[in-house]
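Protein chains in written order, with my numbering: chain A, 1 to 348; chain B, 1001 to 1334. Report on the structure given below.
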Amino acid sequence: MTDHQLPPSEMSLEWLRSMTLIRRFEERAGEQYTRAKVGGFLHLAIGEEATIVGAVAALRPTDYMIATYRSHGQALARGSEPGRVMAELFGRVDGLCRGRGGSMHMFDLERRFMGGFGIVGGNLPLAAGFGLTSDYLGNDEATLCQFGDGASNQGTFGETLNLAALWSLPVVFMVTNNQFGMGTSLERHSAQTNLQIKGEGFGVPGMQCDGMDVIDTWAVTSEAIRIAREERQPVLVEALNYRFRGHSIADPEDYRTEEEVLEWSKRDPLVTFGDRLVAEGVLNDEQREAIDLEAIEAVDAAVAFADASPEPEPSSLYDDVYVLSDQVRGWYSADHRGASLQKGEELS
Amino acid sequence: MAEMRYREALNQALAEELERDPNVFLMGQDISVFGGAFKVTEGLMDRFGEKRIRDTPISENTIVGLGVGSAMTGLRPVIELMTINFSLLALDQIINHAAHVRYMFGGQVSVPLVVRMPQGAGHQLGPTHSHSFEALYLHVPGLLVAVPTTAADAKGLLKTAIRDDNPVIFIEHETLYGQRGEVPDDPDFTVPFGLAAIRREGSDVTLIGISRMAQTAERAAEQLAADHGIEAEVIDPRTLRPLDLDTILESVAKTNRCVIVEEGWPHGGVGANLAALIQEQGFDDLDAPVGRVTGVDAPMPYAKSLEQISFPHEEQVIEATLALFGDRKRASRG
Ligand SMILES: Cc1ncc(C[n+]2csc(CCOP(=O)(O)OP(=O)(O)O)c2C)c(N)n1
C-alpha cells in the first residue's frame, strides 16, 4: 500500500464495489467454464482488479479504453451489464457481441470499451488509431491501452510507441506487468525487466504504479492521462501486479511456486483496500459484507440472464461480415456447402 | 472525357474524395514530400497539408492498425503501402483486425478503410518485390478486393472504395501506372463494386482476366479472332469481392467455354476459385473443362529471360484457349 490519502468515500466505495463485482464475476465465470457453459479459452483477471478499476477510474466516459483477451473486468468497470458479458461467454445472442467474440473479444461501443483482442500486441496500433482520431478531430478525448508484459516484446510495441510520440497522440500505454507471459516469467522473456523505461528510446516516458493498489493505479494513471490529454505526450505506465489464477483455466502452473502465489495473495487488492476502508471508518464490516452480497447477487442474475438468452440463429451466421450495400449487384460471400450464394447476391 | 494516365486518375480520385469529405485522409511511406513511390499522391500535400497527407515511418503493420483504429472511431483513412509485397508485414492488422473487427464485435463498429498498393512482375525486382496477391486477400471474408485495369476504373473504383463502409484492399498494378485512358469528366463519376466490365464481346469462349491480365486477355482475343476465327468474350471482373458472378455465368452460358487468366500462383489462385464457382453454378453450360493460365508455381526470378516466362502473355492464353476446342479449331489454324 502506498501512502495516498483515501479519495472521497463515495468514490472509494464505488471502487470497492467494482473490484468486488469483477472478482465475483470471474470466479463464477471459471465455475461456469468447468460446467462447460463457456467454451474456448477463459483468461481470468483475479488478482488484477485494482489495475483495472484504478485505470478505468482515471478515464472520462468519452475516453477510449482498449485491452486484451483478459478483459471481462474492463467491460464491467466501464459499466457493461454483467448479464451481457456473461451471455457473451455463453455464446448467446444477448452477449455484448451477440456471441461472435466470446471471452477474448468483448466490446461495448456505447461505453467506449473498444475491445477485447486475441492477438498479443495487436491492440496497440488500434489504440494509436483512436488517438489519431481524437487528434484529427481536435477534441480532448484520450485513449488508455492495456496490454501484458509479454506484449511489450512485439514489434507493434516499438512501432506504435514511436508513432504515438512522433505524432503527439493522446494515448496512455499501460503494460500490466503480472510477471508472466503465459508460463514465461518476465526475466526469461524481456532483456529489460524495468518495463517502465522500455518506451524511452521511442520518445515515450515511463511511470510506474502499484497495480495491486487501486488508489496508486488511479493516481498514476490520472497523471499519465492528463499528460497525454493536455500535453499531447503519450506515456507508458507499468502497473505491477499479479494474477492469482493460471494464465487461462487450463494451466497447471508449473512455472511458479505455491509460496510465491501465497506471498502475492497477501497483497490481494480487494482485501487490502477493504481493510483500509474499514480501518479508516468509511465502511463497517456489515456494509462490507453487503457489498459482497450485492456483487454475488448481480453475478447470479448475470448467469440467469445468460442462461435464458437464446443461442444465435444459424441464419444469422453471415450477419455483419460486411456492411452490405443495395447498390451492389455482385455477391459478397459464397457458401459452398449448399453450392448457393450468400447475402449480397439477392440484392442484385 | 479526358485522357490521362492511370496514376493521374488515381490522383484525381484521391483529390476529389479529400475535397468531398474532411474525414478522408491519407497515410503511407513517402507519400507527402516525395509524392509516393509511384507518384500517385504527387501534389496532394501542397493542396491538403500534412495533417491529411501523412508520411509514416516504415511500420506497415502498425500503419494499417492506426488505420483500423481511426476507421473504427469515425475517420476514413486511405493507406498507401509502397507495394503489395510489404503488405505481408501487415497481415495481422489486415486479417485479424480490419477484416474481423466488425464481425467479432457483433456489428457494433465498421472499418471504412482503404489499403492501396501496387503489385505485379515484369520489372526484374526478383522474388521479394514481384508478388501478385489478389488471391490471398480474396480468401478473407470481411475484405473487399478491387483490381482496376484501366484509368477510368482506377478512378471510379477508388472513389467507390473510399465511400464504402468495408475495408477495401485496392490493388493497383505497377505496369499500368503510366498507361493512358479516357476518364469521364463528371466529378461524381464512380464505378460500382460488383459489376464486371465486358471488354470485348464474343460468342465462342469467355476469357476472364484479373488485374493487368484483363489486358493480356484482350490482346489474346484479338489474335484468336484474326488467326483462328475464334470470337472471345473478355471479362474484367474489376472487383473480386463483391464478385459479379452473374455476368460471368451469363457469358459462359453463351460461349460454353472459359479460360481464366491471372498473374499470381496457380494453387489456391483466383482462377482455381472461379473455376470451382463456374463448375458448381454452370456445369451444364460447359463444353470443356474451365481453363486456367497463371503465373508459374515458383518465386519470381530476376533474370529477364526467366521472368518473362514466369507470368502469362498472349501466347499462353491463346494456347490454353485452343486446347478447349480440341482438334476442330486447331485444324483451322493452317
Ligand atoms: C500474436 C500472438 N502470439 C501468441 C499468442 C498466445 N498467447 C496468448 S496470451 C499469451 C501471453 C501473453 O502474456 P502477456 O502479454 O504478459 O499478458 P497476460 O496474459 O499476462 O495478461 C500468449 C503467448 C497470441 N494470442 N497472440
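Backbone N, C-alpha and C fix where the C-beta goes; we use that ideal spot for every residue, glycine too.
Inset, instruction - Determine the burial state of residue 315 (chain A): buried for a count of at least 16 other Cβ atoms within 10 Å of its Cβ, exposed for fewer. - result: exposed
Legend entry - Per DSSP, cross-strand counterpart(s) of residue 1258 (chain B): B:1206
Legend entry - Within chain B, partners of residue 128 (chain A) - CB distance below 8 Å: 1062, 1065, 1066, 1069, listed in chain order.
Inset, instruction - In angstroms with no decimal places, state the Cα-to-Cα distance between residue 266 (chain A) and residue 44 (chain A). - result: 19 Å
Inset, instruction - For the beta strand (DSSP E) containing residue 1146 (chain B), list its first residue and its last residue. - result: 1144–1146
Inset, instruction - Report whether the distance from the Cβ of residue 149 (chain A) to the nearest heavy atom of ligand 1 is below 6 Å. - result: yes
Legend entry - Proximal chain A residues relative to residue 1102 (chain B), where beta-carbon distance stays under 7 Å: 320
Inset, instruction - Within 10 angstroms of the Cβ of residue 263 (chain A), are there 16 or more other Cβ atoms? Answer buried if so, exposed if not. - result: exposed
Inset, instruction - Could you tell me which chain A residues have their CB closer than 8 Å to the CB of residue 1093 (chain B), listed as they occur along the chain? - result: Residues of chain A passing the Cβ test: 122, 125.
Legend entry - Status (buried if at least 16 other CB within 10 Å, exposed otherwise) for residue 1306 (chain B): That one is exposed.
Inset, instruction - Would you please verify whether the beta carbon of residue 339 (chain A) is less than 7 Å from any beta carbon of chain B? - result: Model confidence at residue 339 (chain A) stands at a pLDDT of 42, short of 50, so the residue's coordinates are unreliable; what they give is reported in the following sentence. Judged by the 7 Å Cβ criterion, residue 339 (chain A) is in contact with chain B.
Legend entry - Exposure label - residue 324 (chain A); buried when at least 16 CB within 10 Å: Residue environment: residue 324 (chain A) is assigned as buried (16 or more neighbouring CB atoms within 10 Å of its CB, all protein chains considered).
Inset, instruction - Can you have a look at residue 305 (chain A) and say buried or exposed, based on whether 16 or more other CB atoms are within 10 angstroms of its CB? - result: With 16 or more other Cβ atoms within 10 Å, it is buried.
Inset, instruction - In the DSSP assignment, find the unbroken alpha helix (DSSP H) run with residue 5 (chain A) in it and report its ends. - result: It is not in any alpha helix (DSSP H) - residue 5 (chain A) carries neither H nor E in the DSSP assignment.
Legend entry - Beta-carbon neighbours of residue 1072 (chain B), restricted to chain A and to distances below 8 Å: 114, 126, 129, 130
Inset, instruction - Determine, using beta carbons only, whether residue 1059 (chain B) comes closer than 7 Å to chain A. - result: yes
Legend entry - Which of helix, strand or coil DSSP assigns to residue 1231 (chain B): Reduced to three states, the DSSP call for residue 1231 (chain B) is coil.
Legend entry - Contact under 7 Å by Cβ, residue 170 (chain A) with residue 204 (chain A): no
Legend entry - Under the three-state DSSP convention, the category residue 276 (chain A) falls into: helix
Legend entry - Inter-residue spacing [alpha-carbon to alpha-carbon] between residue 1036 (chain B) and residue 322 (chain A): 30 Å
Inset, instruction - Step through the CB atoms of chain B and report whether any lies within less than 7 Å of the CB of residue 119 (chain A). - result: yes
Inset, instruction - Would you identify the three-state DSSP class for residue 82 (chain A), choosing helix, strand or coil? - result: Reduced to three states, the DSSP call for residue 82 (chain A) is helix.
Inset, instruction - May I ask you to check if the CB of residue 188 (chain A) is nearer than 6 Å to at least one heavy atom of ligand 1? - result: no
Inset, instruction - Please work out which residues of its chain come closer than 6 Å, Cβ to Cβ, to residue 51 (chain A), disregarding the five sequence neighbours upstream and downstream, and give them in chain order. - result: 176, 211, 217, 239, 241
Legend entry - Best match in A:130, A:186, A:287, A:308 for proximity to residue 229 (chain A) [C-alpha to C-alpha]: A:130
Legend entry - residue 1119 (chain B), enclosing beta strand (DSSP E) - first and last residue: 1114–1119
Inset, instruction - Going by DSSP, name the residue or residues bridged to residue 238 (chain A). - result: A:175, A:208
Legend entry - Check whether residue 104 (chain A) and residue 69 (chain A) have beta carbons under 7 Å apart: By the CB criterion at 7 Å, residue 104 (chain A) and residue 69 (chain A) fall inside the cutoff.
Inset, instruction - Pair every Cβ in the stretch 1244–1258 of chain B with every Cβ in the stretch 1300–1314 of chain B, then say whether three or more of these pairs are closer than 8 Å. - result: no
Inset, instruction - Using beta-carbon positions only, say whether residue 1158 (chain B) and residue 1010 (chain B) come within less than 7 Å of one another. - result: yes
Inset, instruction - Select from B:1110, B:1086, B:1115, B:1155 the residue whose C-alpha is nearest the C-alpha of residue 1166 (chain B). - result: B:1110
Inset, instruction - Decide yes or no for the touch test of the stretch 1197–1204 of chain B against the stretch 1217–1231 of chain B: beta carbon pairs closer than 8 Å, at least 3 of them. - result: yes
Inset, instruction - Confirm, please, whether the CB-CB distance from residue 1172 (chain B) to residue 1237 (chain B) is below 7 Å. - result: no
Inset, instruction - Taking residue 1003 (chain B) and residue 1263 (chain B) to be in contact with their CB atoms under 8 Å, please state how far apart those CB atoms are, rounded to whole angstroms. - result: In fact, because the Cβ distance is near 26 Å, the residues do not count as touching under 8 Å.
Inset, instruction - Using 10 angstroms around the beta-carbon of residue 114 (chain A), count the other beta-carbons present and answer buried if the total reaches 16, otherwise exposed. - result: buried
Legend entry - Option nearest residue 329 (chain A) by Cα separation, candidates B:1299, B:1029, B:1194: B:1194
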